[in-house]
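A quick write-up on the structure given underneath.
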Amino acid sequence: QQQVKQSPQSLIVQKGGIPIINCAYENTAFDYFPWYQQFPGKGPALLIAIRPDVSEKKEGRFTISFNKSAKQFSLHIMDSQPGDSATYFCAGDYSGGYQKVTFGTGTKLQVIP
Amino acid sequence: NAGVMQNPRHLVRRRGQEARLRCSPMKGHSHVYWYRQLPEEGLKFMVYLQKENIIDESGMPKERFSAEFPKEGPSILRIQQVVRGDSAAYFCASSPGAGELFFGEGSRLTVL
Numbered sequence: 006q007q008q009v010k011q012s013p014q015s016l017i018v019q020k021g022g023i024p025i026i027n028c029a030y031e032n033t034a035f036d037y038f039p040w041y042q043q044f045p046g047k048g049p050a051l052l053i054a055i056r057p058d059v060s061e062k063k064e065g066r067f068t069i070s071f072n073k074s075a076k077q078f079s080l081h082i083m084d085s086q087p088g089d090s091a092t093y094f095c096a097g098d099y100s101g102g103y104q105k106v107t108f109g110t111g112t113k114l115q116v117i118p
Numbered sequence: 007n008a009g010v011m012q013n014p015r016h017l018v019r020r021r022g023q024e025a026r027l028r029c030s031p032m033k034g035h036s037h038v039y040w041y042r043q044l045p046e047e048g049l050k051f052m053v054y055l056q057k058e059n060i061i062d063e064s065g066m067p068k069e070r071f072s073a074e075f076p077k078e079g080p081s082i083l084r085i086q087q088v089v090r091g092d093s094a095a096y097f098c099a100s101s102p103g104a105g106e107l108f109f110g111e112g113s114r115l116t117v118l
């Protein structure tokens, strides 16, 4: 199965810091790269997503940087807050055919006050 | 518009019993996915279904596990003769087709 590799496994930052989570994919057919946020006891929810025709996408404090040639993408959280503490999953997907999203292994982020 | 509804939220079974997990997709969504999540691990794809059809079950164990999405009613993930290794959170997600997956809050199965 095509993998999406995610790192780090866990991350602790101070409030106001900029945590960065990195992902690398293998399947060049992927054309949609979402990030999901999961709070304890809850299901994942879409946070932000990017397509490979752009190199960066910002939504509020969340930014995805995308490097198509390296097959890598990353999530940056500006001015992180304790409420951002959650597990973040990157994923790869392709719009051709049915949708079978391949998730990374997740990054547990803790933002301390 | 109600979100994806999963029940039960918590289920305890003894080894050898059967577990049935239900998922009602969002209104208008005809695509349902089941994922399994072990503690401190990622989401593992199990099965993808459309109404009355299994599209991809490549992530589902060949034995003891089955899934259905009937014309009427919720999607059901069925685990027969549960073992301790089946203890996990099972998440259902739905979508109208391409794009965002909408997840339920999960069903947490504990096998004693």
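Keeping their order, the protein sequence lines are chains A and B. Numbering-wise, the numbering used here puts 28 at position 23 of the first sequence, and it's gapless, one number per residue. Numbering-wise, the numbering used here puts 50 at position 44 of the second sequence, and it's gapless, one number per residue. Every residue, glycine too, gets a C-beta built ideally from N, C-alpha and C. Since this is a predicted model, take the numbers as computed values, not measurements.
Mark residue i as exposed unless 16 or more other C-beta atoms lie within 10 angstroms of its C-beta, in which case mark it buried.
i, result
"residue 73 of chain B", "buried"
"residue 84 of chain A", "exposed"
"residue 99 of chain B", "buried"
"residue 49 of chain A", "buried"
"residue 6 of chain A", "Any answer about residue 6 of chain A is weak, because its pLDDT of 49 lies below 50 and its placement is not dependable; what the coordinates show is given next. That one is exposed."
"residue 15 of chain A", "exposed"
"residue 23 of chain A", "exposed"
"residue 75 of chain A", "exposed"
"residue 42 of chain B", "buried"
"residue 52 of chain A", "buried"
"residue 5 of chain B", "The requested residue 5 of chain B does not occur in the structure, where chain B is confined to residues 7 to 118."
"residue 60 of chain A", "exposed"
Would you please verify whether the beta carbon of residue i is less than 8 Å from any beta carbon of chain B?
i, result
"residue 106 of chain A", "yes"
"residue 109 of chain A", "yes"
"residue 71 of chain A", "no"
"residue 94 of chain A", "yes"
Would you say residue i faces chain A, with C-beta separation under 8 Å as the test?
i, result
"residue 107 of chain B", "yes"
"residue 51 of chain B", "yes"
"residue 48 of chain B", "yes"
In the structure shown, what three-state DSSP assignment does residue i receive?
i, result
"residue 87 of chain A", "helix"
"residue 97 of chain A", "strand"
"residue 20 of chain B", "coil"
"residue 62 of chain B", "strand"
"residue 70 of chain B", "coil"
"residue 66 of chain A", "coil"
"residue 56 of chain A", "coil"
"residue 15 of chain B", "coil"
Quick check: is the beta carbon of residue i nearer than 8 Å to any beta carbon in chain C?
i, result
"residue 63 of chain B", "In summary, chain C is missing from the structure at hand, where the protein chains are A and B."
(Q) Residues of the stretch 42 to 56 of chain A in Cβ contact with chain B at a cutoff of 9 Å, in chain order, please. (A) The stretch 42 to 56 of chain A vs chain B, Cβ under 9 Å: 43, 46, 47, 48, 49, 50, 51 and 54.
- Task: Indicate whether the contact test is met: 3 or more Cβ pairs, each with one atom in the stretch 11 to 27 of chain B and one in the stretch 30 to 39 of chain A, closer than 8 Å.
- Result: Judged by Cβ distances under 8 Å, the stretch 11 to 27 of chain B makes no contact with the stretch 30 to 39 of chain A, as fewer than three pairs qualify.
Next on the checklist: At a CB distance below 7 Å, what residues from the stretch 82 to 114 of chain B approach chain A? Give them in sequence order.
Outcome noted: Taking 7 Å as the Cβ-Cβ cut-off against chain A, the residues of the stretch 82 to 114 of chain B that qualify are 97, 101, 104, 106, 107, 109, 110, 111 and 112.
Exercise. Flag this pair as touching only if the stretch 25 to 39 of chain B and the stretch 73 to 92 of chain A have three or more C-beta atom pairs under 8 Å; answer yes or no.
Key: The stretch 25 to 39 of chain B is not in contact with the stretch 73 to 92 of chain A.
- Task: Check whether the stretch 76 to 90 of chain B touches the stretch 107 to 116 of chain A, taking contact to mean three or more Cβ pairs, one atom from each stretch, closer than 8 Å.
- Result: Not touching, per the Cβ criterion.
* Count the C-beta pairs between the stretch 36 to 43 of chain A and the stretch 90 to 98 of chain A that are closer than 8 Å, then say yes if the count reaches three, no if not. => Counting Cβ pairs under 8 Å, three or more are found: they touch.
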